[in-house]
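Numbering (our numbering), first residue to last: 920 to 1262. Notes follow the structure.
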Ligand code: NAD
Ligand code: UFG
């Protein structure tokens, strides 16, 4: 008799990280149902995931805050687990619209959790962020470093972590993995999926891509007077395909982990803004002009992971280096630029 693949509900699965996770989960033999309201992604991502993976997925268009929709969805079939990416992620916007962020990210996650509890689905992998760590820590950050997020987005992430952890500790058989990503960058090596921000990007790598493509004039380097080797900010950039594989590793390990386990997902190594600029120039063969600008409020000098726990307990390591991250971001940039804007 053919065995039935375990079914995973991937919220936010047409988004940047979620789409890469779908590819990895399909390769690992899972059946994928995506729940997404498409507020920051496109329907066409479904076809591109399927093209890369050579397998079909099901897209359920809806909102994690819609109780009736969730009830119907969980009645359709028995999900083995939920991988929860859906959320709003723009730090600046979260400062301007904290109520919207709380509603979407915290209340939405609460409604998802309630629907899972009602349907008897007891495993979740959650997208958290290194932004939950406080500014008083000295890198590398271990999972035990003090938390103390400084903006509503980071506060949402910590609130959801705490809500999930409380729930899992109070209810039998629950298993939750809280994955704290460092700086996800790059794209699938096919160049068919990647980060597709609306308007002018806030984050370094998408901005650099557009400068290399000649679509933005120059990069503003936010500060060159930090206490780092070249004075610019240092971050732990992690290839999105490695990050996606981390979700499969966490999902596969859930049953042998304690009810709640936090994992840093990063490479454990930091690169400066100027390192990224130089590597991107090499990967693209294009110049990336830049000028030094004032520091951006809220930016720390150095952030990178102690990723030993994920290596030890999940057997996961981020193997792709900065050159591959830049190569794949550039390949995606070129593919995307050749498509109509409304793709
Ligand atoms: P993304 O915006 O590309 O993907 C999020 C997806 O969720 C989008 O497709 C969006 O349409 C969907 N969505 C948002 N609100 C929804 C709702 N209420 N109901 C249904 N769908 C909804 O973002 P991403 O970069 O892929 O991030 C995925 C997750 O990882 C987010 O939770 C984000 O906070 C977290 N994260 C991202 C980063 C990063 O740098 N990209 C870093 C740390 C953590
Ligand atoms: N930077 C520039 N110029 C730019 C953009 C960024 O110099 O135009 C610099 C920043 O100052 C920082 C580095 O590039 O030193 C990386 O900045 P990003 O905006 O790409 O990333 P952040 O580290 O600020 O934040 C990212 C995500 C957050 C997440 C956090 C977790 O954007 O959502 O990582 O560590 F919470």
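Quick reminder that beta carbons are idealized off the backbone N, C-alpha and C, glycines included. Only a predicted model underlies this, so the values are computations on that prediction, with no experimental measurement involved.
Straight-line gap, residue i to residue j (C-alpha atoms, nearest Å)
{"i": "residue 1036", "j": "residue 1201", "result": "50 angstroms"}
{"i": "residue 1217", "j": "residue 1069", "result": "8 angstroms"}
{"i": "residue 1176", "j": "residue 1192", "result": "36 angstroms"}
{"i": "residue 1109", "j": "residue 941", "result": "15 angstroms"}
{"i": "residue 1171", "j": "residue 937", "result": "17 angstroms"}
{"i": "residue 926", "j": "residue 992", "result": "13 angstroms"}
{"i": "residue 1239", "j": "residue 1157", "result": "8 angstroms"}
{"i": "residue 1014", "j": "residue 1119", "result": "18 angstroms"}
{"i": "residue 1147", "j": "residue 1199", "result": "20 angstroms"}
{"i": "residue 1264", "j": "residue 1169", "result": "Outside the shown range of the chain (920 to 1262) lies residue 1264, about which nothing can therefore be said."}
{"i": "residue 924", "j": "residue 1129", "result": "40 angstroms"}
{"i": "residue 1249", "j": "residue 1203", "result": "6 angstroms"}
{"i": "residue 1106", "j": "residue 994", "result": "34 angstroms"}
{"i": "residue 1125", "j": "residue 1255", "result": "12 angstroms"}
{"i": "residue 981", "j": "residue 987", "result": "10 angstroms"}
{"i": "residue 1228", "j": "residue 1026", "result": "30 angstroms"}
{"i": "residue 920", "j": "residue 946", "result": "Unreliable positioning characterises residue 920 in this predicted model, as indicated by a pLDDT of 45, which lies under 50. The coordinate reading is nonetheless provided below. So the two alpha carbons sit approximately 21 angstroms from each other."}
{"i": "residue 949", "j": "residue 1090", "result": "26 angstroms"}
{"i": "residue 1131", "j": "residue 1031", "result": "40 angstroms"}
{"i": "residue 1056", "j": "residue 1226", "result": "15 angstroms"}
{"i": "residue 1040", "j": "residue 1078", "result": "21 angstroms"}
{"i": "residue 958", "j": "residue 965", "result": "15 angstroms"}
{"i": "residue 1022", "j": "residue 1233", "result": "32 angstroms"}
{"i": "residue 1135", "j": "residue 996", "result": "46 angstroms"}
Proximity below 8 angstroms, CB of residue i to CB of residue j
{"i": "residue 973", "j": "residue 955", "result": "no"}
{"i": "residue 1042", "j": "residue 1094", "result": "yes"}
{"i": "residue 1028", "j": "residue 1099", "result": "no"}
{"i": "residue 951", "j": "residue 976", "result": "yes"}
{"i": "residue 1104", "j": "residue 939", "result": "no"}
{"i": "residue 878", "j": "residue 998", "result": "No answer is possible for residue 878: it lies beyond the span of the chain, which begins at 920 and ends at 1262."}
{"i": "residue 1096", "j": "residue 1182", "result": "yes"}
{"i": "residue 1051", "j": "residue 1016", "result": "no"}
Residue from the options with nearest C-alpha to residue i
{"i": "residue 1197", "options": "1212, 1170, 923 and 1140", "result": "1140"}
{"i": "residue 1133", "options": "1183, 1220 and 1252", "result": "1252"}
{"i": "residue 1138", "options": "1115, 1122 and 1240", "result": "1122"}
{"i": "residue 1153", "options": "1195, 1002 and 994", "result": "1195"}
{"i": "residue 1054", "options": "1222, 981, 1261 and 1257", "result": "1222"}
{"i": "residue 904", "options": "1136, 1061, 1128 and 1256", "result": "What is shown of the chain runs 920 to 1262, which leaves residue 904 out entirely."}
{"i": "residue 1004", "options": "960, 996 and 995", "result": "960"}
{"i": "residue 1038", "options": "1078, 1143 and 989", "result": "989"}
{"i": "residue 1224", "options": "1212, 1249, 965 and 1190", "result": "1190"}
{"i": "residue 1144", "options": "1178, 1051, 1032 and 1214", "result": "1214"}
{"i": "residue 1001", "options": "958, 1151 and 1083", "result": "1083"}
{"i": "residue 1230", "options": "935, 1184 and 981", "result": "1184"}
{"i": "residue 1212", "options": "1151, 1235 and 1142", "result": "1142"}
{"i": "residue 1092", "options": "1226, 1150, 1235 and 1178", "result": "1178"}
{"i": "residue 1044", "options": "1149, 944 and 1219", "result": "944"}
{"i": "residue 1150", "options": "1220, 1127, 953 and 1135", "result": "1220"}
{"i": "residue 1033", "options": "1067, 1188, 1235 and 985", "result": "985"}
Status (buried if at least 16 other CB within 10 Å, exposed otherwise) for residue i
{"i": "residue 963", "result": "exposed"}
{"i": "residue 1245", "result": "buried"}
{"i": "residue 1117", "result": "exposed"}
{"i": "residue 1259", "result": "exposed"}
{"i": "residue 1155", "result": "buried"}
{"i": "residue 1074", "result": "buried"}
{"i": "residue 1058", "result": "buried"}
{"i": "residue 971", "result": "buried"}
{"i": "residue 968", "result": "buried"}
{"i": "residue 929", "result": "buried"}
{"i": "residue 1080", "result": "buried"}
{"i": "residue 1114", "result": "buried"}
{"i": "residue 1086", "result": "buried"}
{"i": "residue 1111", "result": "buried"}
{"i": "residue 1011", "result": "exposed"}
{"i": "residue 1071", "result": "buried"}
{"i": "residue 1237", "result": "buried"}
{"i": "residue 1006", "result": "buried"}
{"i": "residue 1257", "result": "exposed"}
{"i": "residue 935", "result": "buried"}
{"i": "residue 893", "result": "Not covered by the structure: residue 893. The range shown for the chain is 920 to 1262."}
{"i": "residue 1180", "result": "buried"}
{"i": "residue 1262", "result": "exposed"}
{"i": "residue 1247", "result": "buried"}
{"i": "residue 1242", "result": "exposed"}
{"i": "residue 1008", "result": "buried"}
{"i": "residue 1161", "result": "buried"}
Any C-beta of chain B under 8 angstroms from that of residue i
{"i": "residue 1190", "result": "Judged by its chain identifiers, the structure shown contains no chain B, having just a single protein chain."}
Would you call the segment 1155-1170 and the segment 1204-1216 touching, i.e. three or more CB-CB distances under 8 angstroms?
Contact between the segment 1155-1170 and the segment 1204-1216 is absent: fewer than 3 CB-CB pairs across the two stretches fall below 8 angstroms.
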